[in-house]
Each structure stands twice: as structure tokens, then as C-alpha cells.
Amino acid sequence: MSGAIGPGSEGMNLEHIKTCVRCGLRYDWRRSSSDSLKMTYCSHLCEAADLGFTLEALLHARPLTSTEAEASEPETAAI
Ligand SMILES: [Zn+2]
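Position one of the sequence shown corresponds to residue 10 (my numbering), numbered consecutively onward.
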């Protein structure tokens, strides 16, 4: 029993092969276009589709300012 994977695996380091948690595709994580979750998603498309956003977008997003928060509240005090 050799345990060899077989021809075709040469030059392909299995340590770098990950399975996308969204689409199940096996990919080389170093080539993933996902910015922050290369080890989890095959591409930023799967990352965005699964999370509804990308971590990059989240990191760059800014919290609402107090004015924007107030504006979103119903005018309960108005009579
Ligand atoms: Zn994917």
C-alpha cells in the first residue's frame, strides 16, 4: 500500500487546498479572491453571499453618527 494520491497531484500542495464552506468547491486558498477569509471561501463572491457582506466592507464601515441615529427614530415627542 503506497498511500499515494496518484498522478496529477504533483505540484499541488494539498496543505493549501481548502473546501469552500459555501459552494463546496475545492480551491487553493492562496488563490482565493476573498480578502479576509481566504481559508474559508473560494472567492469574495462566496464570502459576500454567505455573510451578506464582506469583512472588508464591515471594517471600513462607520457607525451611525448621532444625528443619523436620531433621524431614524420616530417623532414620538411631537404633538
Ligand atoms: Zn465558494
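C-beta atoms are modelled at their ideal positions from N, C-alpha and C, and glycine is treated no differently.
Check, Outcome
"DSSP three-state call for D44: helix, strand or coil?", "coil"
"With ligand 1 as the reference, list in chain order each residue whose Cβ lies under 6 Å from any of its heavy atoms.", "C29, R31, C32, L34, Y50, C51, S52 and C55"
"Reducing DSSP to helix, strand and coil, say where R39 ends up.", "helix"
"Going by CA-CA distance only, name the one from S43, H25 and D44 that's closest to R35.", "H25"
"Considering E56, what are the terminal residues of the alpha helix (DSSP H) in which it resides?", "H53 to L60"
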